[in-house]
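Going by the working numbering, the first residue of the sequence shown is number 341, and it counts up by one from there. Backbone N, C-alpha and C define an ideal beta-carbon position, used for all residues, glycine too. Let me begin by presenting the structure, written as structure tokens, before commenting on it.
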Amino acid sequence: MSAVEHRYEVTAHREIWSGRIFSVVSDDVTMPGGGTAARDYVRHVGAVAVVALDDAGQVVLIRQYRHPVGRHLWELPAGLMDVSGEDLAAAAARELAEEADLTAGTIDVLVDLHSSPGFSDELVRVFLARDLADVPAEQRHDRRDEEADLQVVRVDLDEAVGMVLAGEITNASCVAGLLAAARARDTGWSALRRPDAPLPR
């Protein structure tokens, strides 16, 4: 039996700053026991990420510079949901081609995550891509800015999980995707969702 949950209602909403990828807002929210409290947070366009698994059981990892943490991180091919109306699985396929020069014959949903719900509404859908093939050289994406520095490697899935547990991989969607992929593999892929599965509400 579950307890009755308080209904948090927004009584005032202010946009503090707005940009292409995210905005910063402040809401006044009703609190249990009466009164309101201000809650500042980041509204984000959302993102997709891809665990690309080849026939040898290796996953594609990307080494990319991330300025907010001031260093290179191991990540999955990933990108923003910043194309209006774009299907999530199509966005994942686009990012896989742009960042890893790969296509996938099979794409399934692995896991959805709120990357940092204490201060942002960002939702990331992580897909599993299999039946991989190379993008022809003449069709490959021209990488610029931080993407020009990308390192793309393939690592055995179990080795990648070991990197997570050793603290060598800290990117949230990469951690979640690798652990989910290992679990899904070990259970015969029975828990995978269709690429058009609804997002959590």
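Simplified DSSP assignment, three categories, for residue i
{"i": "residue 448", "result": "strand"}
{"i": "residue 407", "result": "helix"}
{"i": "residue 419", "result": "strand"}
{"i": "residue 515", "result": "helix"}
{"i": "residue 442", "result": "strand"}
{"i": "residue 541", "result": "coil"}
{"i": "residue 501", "result": "helix"}
{"i": "residue 394", "result": "coil"}
{"i": "residue 434", "result": "helix"}
Residue i: CB within 7 angstroms of a non-hydrogen atom of the ligand SAH
{"i": "residue 465", "result": "In the structure on display, the ligand SAH does not appear, and there are no ligands present to speak of."}
CA nearest to the CA of residue i, picked from the options
{"i": "residue 364", "options": "461, 455, 400", "result": "461"}
{"i": "residue 435", "options": "424, 420, 446, 425", "result": "420"}
{"i": "residue 538", "options": "371, 356, 428", "result": "428"}
{"i": "residue 395", "options": "446, 404, 459, 409", "result": "446"}
{"i": "residue 542", "options": "362, 361, 349", "result": "Coverage of the chain is limited to positions 341 through 541, which leaves residue 542 absent and any answer about it impossible."}
Bridge partners - residue i, DSSP secondary structure assignment
{"i": "residue 353", "result": "367"}
{"i": "residue 380", "result": "366"}
{"i": "residue 460", "result": "382"}
{"i": "residue 524", "result": "DSSP lists no partner for residue 524."}
{"i": "residue 530", "result": "Answer is none; residue 530 lacks a bridge partner."}
Cβ distance (whole Å) where residue i is taken to contact residue j below 8 angstroms
{"i": "residue 393", "j": "residue 500", "result": "The Cβ separation is near 10 angstroms, so there is no contact."}
{"i": "residue 391", "j": "residue 506", "result": "With 8 angstroms as the limit, residue 391 and residue 506 do not qualify as a contact, their Cβ atoms being about 18 angstroms apart."}
{"i": "residue 398", "j": "residue 533", "result": "Not really, about 23 angstroms apart at Cβ, beyond 8 angstroms."}
{"i": "residue 286", "j": "residue 464", "result": "This structure does not reach residue 286, given that the chain is present from 341 up to 541, and the question cannot be answered."}
Quiz item: Do the region 437–450 and the region 469–478 touch if we need at least three Cβ pairs shorter than 8 angstroms?
Solution: The region 437–450, when compared against the region 469–478, does touch it at the 8 angstroms Cβ threshold.
Quiz item: Is the region 450–461 close to the region 512–532, with three or more CB pairs under 8 angstroms?
Solution: Counting C-beta pairs with one atom in each stretch, the region 450–461 and the region 512–532 have three or more that are closer than 8 angstroms, which means they touch.
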